[in-house]
Every structure is written in C-alpha cells, then in structure tokens.
Ligand SMILES: [Zn+2]
Ligand SMILES: [Zn+2]
C-alpha cells in the first residue's frame with residue numbers, strides 16, 4: 022500500500038466526511054470509489070446518448086411511421102436490449118479517463134499542554150480564536166482521570182481510559198515486574214510493555230498510511246514494533262517555531278512519504294502554569310508564544326495551498342489551578358507513615374499498606390478528611406473510570422481543588438518545591454477542563470459544542486483518517502454533530 026498516495030482525496034470525497042460505512046468511507050477518502058463512480062457515470066452518460074442514436078436507426082419510431090412503442094416486434098426489442106447491454110459492457114471496459122487532481126488532506130493533531138478551556142477567552146490566542154470562529158470549538162473537553170499529562174495524551178491517541186491503556190499516572194510502579202515508570206526519564210518509559218492499546222500513529226502505519234510526530238507522549242517508544250515514519254525524541258529545548266518548521270518540512274515530502282497524520286506538541290503553557298500559576302503573566306506570555314507558533318503553521322499551510330484541505334484538531338490534556346504553600350494536607354497527620362508505602366503524593370496520593378497493617382491504614386484513611394477524599398481503588402466513583410488496573414495502588418487520596426497532599430518529610434526538605442499551579446484533580450472540576458478546537462473541510466463552521474469526554478476524540482480521529490479503529494472506550498455520538506456530513 023505504501024507509495025500510492027493513500028491520503029490523497031478528491032474534492033467530492035472531502036464533502037463526504039463522516040458517512041456511516043467504514044470501509045466505504047475509507048475508499049471514499051482515498052478517492053478510489055468516487056473516481057470510479059464518476060468515471061462510470063460519465064461513460065454511461067456518453068453511452069446512453071450513443072445508444073439512443075443507434076436505436077433510432079434500428080427501431081422505427083412512432084413519429085416516423087405511425088407505429089406505437091408497444092407494437093415493436095419482440096425480436097427487435099430483444100436485439101435492442103442486447104445492443105444496449107453490449108454498449109454498457111464496452112463502456113465499463115473503456116480505458117480510464119485521466120484521474121481528477123488529488124487533494125492533499127492531512128490530519129494535524131496539536132496539543133497545547135495545560136491549556137485550560139477558558140484561556141481562549143483571554144484574547145491572547147488570536148490565531149486559535151480565528152480557527153475556532155471558522156470551525157468548531159467545544160465549551161470544554163473533559164480530561165480522563167487523573168488529569169495528568171501522560172495518561173491523557175495517551176488516552177487521546179488510543180481512546181482508552183488510563184485504567185485500560187496502563188499509563189495510570191505520570192509515575193507509577195508495576196507490581197509484577199517491580200519496575201518504575203517515570204514520565205520524564207526515557208530509560209524507564211522506553212519499555213513498550215508499559216504502553217497498552219494501539220496509538221493512532223501505529224494504526225496509521227500498520228494500515229498503509231504515513232505518520233509523523235513532532236513530539237507526543239509515547240511517540241518515541243517502539244510500541245508494538247512500530248514507530249511513526251517520521252519522529253524525533255522529545256527535546257524540550259526545541260523552540261515552538263522550530264517544531265512547526267520541522268512539521269512543514271515533513272508536509273513538503275513527496276506523495277507516498279508525506280504524513281497523512283501529523284502531531285505537534287507544545288508544553289510551554291503547562292510549564293508557565295506550574296511555575297507561576299494560571300493567572301500569571303508567564304502563562305499569558307506562553308499563550309502568545311504557542312499562538313504565534315500556530316500562526317506560523319497556518320501561514321505555512323496557506324503558502325503550500327493546503328490550509329483549506331487540511332483538518333486541524335487542537336486540544337489540551339488538562340487545565341490548571343492555583344496551588345499554594347498554605348493549602349497542603351500533611352499525610353502524617355492522617356496515617357502513620359511507617360505503616361504504608363507511598364507510591365505517589367501531590368494531587369492524587371497512592372498508598373499501599375505494609376503487610377500486617379491493612380486494617381489500621383484502612384481505618385485511618387477511609388473516613389472523611391478536610392480537603393481530600395480517600396477510596397479503596399475498587400471504590401473510586403464509577404464516573405472516574407479508574408481503579409481496575411494492577412498498576413494503581415490499593416488506596417487513593419485525591420486533593421480538593423487547589424490543595425496538595427505531601428508528607429512532613431518532604432516538607433522538611435530544604436530543596437522542596439511547591440508549584441504555584443497544578444493539575445491532576447477530579448475531571449469534573451472546571452479548572453481541569455481542556456481545550457478543543459477543530460478546523461478543516463470535515464468540520465462545520467462557527468459551531469460551539471457542549472463539553473465531551475476526551476475518549477470520544479479517538480473515534481472522531483480514526484474517522485477523519487479513514488482507518489479502522491481499535492477497540493476503545495469512546496463514542497462518535499457526542500462529537501458527530503461537529504462534522505460536515507453528520508447524520509442526525
Ligand atoms: Zn499536561
Ligand atoms: Zn503539568
């Protein structure tokens with residue numbers, strides 16, 4: 022399948038995004054079915070004209086000799102039908118006409134890490150706002166729980182809740198292997214065994230199309246033995262404009278190499294939110310910086326004549342809320358730290374009672390507390406879809422909005438670091454609400470849709486790509502109305 026320009030679509034196919042049957046859809050996206058249909062239609066039209074001209078010579082018309090159609094002898098009628106059939110066959114066998122000029126229509130998925138849904142109304146994202154005005158914007162997109170970077174980025178590209186894809190936190194321990202996953206340490210994240218499900222770039226490659234990742238959590242891991250055709254290991258020092266320029270360079274590759282699916286990732290808004298809080302001048306500056314990068318991308322797409330044929334989906338992984346030294350739950354005051362192994366602290370604390378101490382630890386934690394809620398993993402509220410995975414510790418405590426959970430030992434450290442902004446809280450908290458904006462031929466114009474779950478992005482993205490989706494937790498229903506040809 023490689024090298025045949027699979028992503029090239031006809032204009033007609035572009036108008037047909039979102040039709041029901043997946044296989045038909047896939048062919049239509051590739052222009053094959055539409056081209057064939059058009060060709061046959063043209064041939065039949067030409068044939069019909071020729072046939073009637075021929076029939077006029079074979080069968081005398083009532084106009085010329087006074088006979089009516091019903092009085093045509095059976096032999097002549099049979100001959101007429103056979104003649105028409107032969108002509109139709111001839112039409113089918115005729116050499117194909119020159120194919121319509123294909124349109125390059127990549128799907129570009131962009132993440133602005135930590136871009137809270139309401140940031141767009143600050144007036145600092147003019148390029149994003151313009152895309153939203155001419156395309157689709159969601160009032161918010163609900164992150165998967167926990168509202169952390171790695172779990173959510175991997176949910177977006179698999180359609181699976183973290184409980185199901187296995188990246189259950191930014192840091193966690195596998196109870197079977199005893200190995201530790203630390204999101205920013207490639208020596209730990211490189212093991213494909215961590216990464217369940219099949220991310221979009223793997224499906225795209227397996228199904229004969231082309232993927233390029235200008236960073237995305239998980240995209241530099243050899244998942245299922247497949248990597249994106251074009252990718253770079255994460256490098257936080259690479260400036261936003263340089264990332265855009267690399268993405269544009271990939272779009273410039275010849276058909277058969279250029280990406281059908283392209284990701285871009287920008288962490289600047291998240292970093293500023295942690296460092297200075299969501300209402301800081303630093304966040305405002307980061308909003309301007311990533312919007313300028315988006316503007317550079319749009320200009321590059323226009324220069325190449327593909328701005329109107331590309332589908333662009335811009336999301337974030339979670340929001341951000343202000344945190345403070347003055348809002349810390351000290352775990353030692355709740356439970357004897359000698360009785361537990363602490364797996365995580367911060368927003369979502371994960372604890373495992375030491376053998377023999379289960380009863381007193383349960384008793385200490387599974388009661389009401391100021392500024393945090395604790396559950397056994399099996400009793401986490403169903404709406405959070407979290408708690409079945411073996412990598413989740415037996416007990417969980419979740420801080421209330423704006424609060425942190427830490428140990429006295431950590432707070433006593435001279436080098437302790439308390440951020441001014443955090444995420445990881447309950448995904449029903451509006452401060453955790455994520456961004457969704459989409460623009461392109463597949464999408465309606467000027468539409469604002471209600472909040473939807475980010476697992477529902479996956480069936481939308483596979484439909485745009487024309488690839489077969491893998492089993493997932495998402496549903497096209499909540500997002501179908503944003504597509505041009507949505508059926509209601
Ligand atoms: Zn993030
Ligand atoms: Zn963050």
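Residue numbers (our numbering): 22 to 509. Backbone N, C-alpha and C define an ideal beta-carbon position, used for all residues, glycine too.
Task: For residue 388, the three-state DSSP class (helix, strand or coil) - done: Position 367 of the chain shown, counted from the first residue, corresponds to residue 388. Correct three-state label for residue 388: coil.
Open item on the list: Just verifying my parser: in three-state terms, what is the DSSP assignment at residue 255?
Closed with: Working through the chain shown from its first residue, we reach residue 255 at position 234. Of the three classes helix, strand and coil, the one that applies to residue 255 here is coil, per DSSP.
TODO: Going by CA-CA distance only, name the one from 123, 125 and 215 that's closest to residue 410.
DONE: Mapped onto the chain shown, residue 410 falls at position 389. Ranking 123, 125 and 215 by Cα distance to residue 410 puts 215 first.
TODO: Return yes when the C-beta of residue 291 is under 7 Å from any heavy atom of ligand 2, and no when it is not.
DONE: Stepping through the chain shown from its first residue, residue 291 is reached at position 270. Answer for residue 291: yes, Cβ within range of ligand 2.
- [ ] Quick one: using the 10 Å Cβ neighbour count with 16 as the cut-off for buried, is residue 341 buried or exposed?
- [x] Position 320 of the chain shown, counted from the first residue, corresponds to residue 341. Buried is the call here.
Open item on the list: For a quick check, are the C-beta atoms of residue 218 and residue 495 less than 8 Å apart?
Closed with: One-based indexing of the chain shown puts residue 218 at position 197. One-based indexing of the chain shown puts residue 495 at position 474. No, the pair does not count as a contact, with Cβ atoms beyond the cut-off.
TODO: Tell me whether the beta-carbon of residue 364 lies closer than 8 Å to the beta-carbon of residue 193.
DONE: Numbered from 1 along the chain shown, position 343 holds the residue referred to as residue 364. Numbered from 1 along the chain shown, position 172 holds the residue referred to as residue 193. Going by beta carbons, residue 364 and residue 193 fall inside the 8 Å limit.
- [ ] Decide if residue 434 is buried, meaning its Cβ has at least 16 other Cβ atoms within 10 Å, or exposed.
- [x] Position 413 of the chain shown holds residue 434. Classification for residue 434: exposed.
TODO: Decide if residue 475 is buried, meaning its Cβ has at least 16 other Cβ atoms within 10 Å, or exposed.
DONE: For the purposes of this step, residue 475 is taken as residue 454 along the chain shown, with counting starting at 1. Burial call: buried.
- [ ] Leaving out five residues on either side along the sequence, give the residues of the same chain with a beta carbon under 6 Å from the beta carbon of residue 373.
- [x] On the chain shown, position 352 is the one that residue 373 refers to. Excluding sequence positions up to five before and after residue 373, its CB lies within less than 6 Å of the CB of 362, 414 and 415, all in the same chain and listed in chain order.
Open item on the list: If distances are taken between C-alpha atoms only, which option among 384, 125 and 318 comes closest to residue 281?
Closed with: As a first step, residue 281 is located in the chain shown; it is residue number 260 there, counting from the start. For the residues 384, 125 and 318, the minimum Cα distance to residue 281 belongs to 125.
Open item on the list: I need the DSSP call for residue 201, collapsed to helix, strand or coil.
Closed with: The residue labelled residue 201 in the question sits at position 180 within the chain shown. DSSP places residue 201 in strand when its eight states are reduced to three.
- [ ] In the DSSP assignment, find the beta strand (DSSP E) that holds residue 372 and state where it starts and stops.
- [x] For the purposes of this step, residue 372 is identified with residue 351 of the chain shown, where counting begins at 1. Residues 369 to 374.
Task: Option in 203, 464, 440 and 336 with minimal Cα separation from residue 484 - done: Mapped onto the chain shown, residue 484 falls at position 463. Distance from the Cα of residue 484 is smallest, within the candidate group 203, 464, 440 and 336, for 464.
Open item on the list: Any heavy atom of ligand 2 inside 7 Å of the beta-carbon of residue 444?
Closed with: Taking the first residue of the chain shown as position 1, residue 444 is located at position 423. Under cutoff, so the answer is yes.
Task: Nearest-angstrom Cα separation, counted from residue 455 out to residue 473 - done: Your numbering for residue 473 matches position 452 in the chain shown. Your numbering for residue 455 matches position 434 in the chain shown. About 10 Å.
Open item on the list: Short of 7 Å in beta carbon distance, which residues of its chain neighbour residue 317, apart from the five on each side in sequence? Order them along the chain.
Closed with: The sequence position of residue 317 within the chain shown is 296, counting from 1. The answer, listed in chain order, is 262 and 265.
Open item on the list: Which complete alpha helix (DSSP H) runs does the region 262 to 350 hold, if anything under 4 residues is left out?
Closed with: 289 to 297 and 302 to 324
Task: Stretch-stretch touch, CB-based, cutoff 8 Å, three pairs: the region 154 to 173 with the region 332 to 349 - done: With a cut-off of 8 Å, the region 332 to 349 and the region 154 to 173 count as touching, because enough Cβ pairs lie within range.
Open item on the list: Rounding to the nearest angstrom, what Cα-Cα distance links residue 333 and residue 399 in this structure?
Closed with: In the chain shown, the residue the question calls residue 333 occupies position 312. In the chain shown, the residue the question calls residue 399 occupies position 378. The alpha-carbon separation between residue 333 and residue 399 amounts to approximately 39 Å.
Task: Identity of the residue in 143, 160, 296 and 148 nearest residue 468 by Cα - done: If you number the chain shown from 1, residue 468 lands on position 447. If we check each option's Cα against that of residue 468, 160 comes out closest.
Open item on the list: Taking only three categories from DSSP, how would you classify residue 171?
Closed with: Position 150 of the chain shown, counting from 1, holds the residue named residue 171. It is helical.
TODO: For residue 259, count neighbouring Cβ atoms within 10 angstroms of its own Cβ and tell me buried if that reaches 16, exposed if not.
DONE: Against the chain shown, residue 259 aligns to sequence position 238. Burial call: exposed.
- [ ] Would you give the residue range spanned by the beta strand (DSSP E) that residue 234 belongs to?
- [x] For the purposes of this step, residue 234 is identified with residue 213 of the chain shown, where counting begins at 1. Run containing residue 234: 232 to 235, per the beta strand (DSSP E) assignment.
Task: Same chain, Cβ closer than 6 Å to residue 131, five either side skipped, listed in chain order - done: Within the chain shown, numbered from 1, the residue matching residue 131 stands at position 110. So the qualifying residues of the chain are 285 and 335.
- [ ] Could you say which of 141, 443, 269 and 498 lies nearest to residue 421 if we only look at CA atoms?
- [x] As a working mapping, residue 421 is identified with position 400 in the chain shown. Distance check between residue 421 and each of 141, 443, 269 and 498 places 443 closest, using alpha-carbon atoms only.
Task: Of the listed residues 129, 386 and 441, nearest to residue 231 (C-alpha basis) - done: The residue labelled residue 231 in the question sits at position 210 within the chain shown. Out of 129, 386 and 441, the CA that lies nearest to the CA of residue 231 is found in 129.
- [ ] Let me know the secondary structure DSSP gives residue 188 once reduced to three states.
- [x] Residue 188 sits at position 167 when you count from the first residue of the chain shown. Collapsing the DSSP output to three states places residue 188 in coil.
Task: Beta-ladder partner(s) of residue 442, from DSSP - done: Working through the chain shown from its first residue, we reach residue 442 at position 421. Partner(s): 343.
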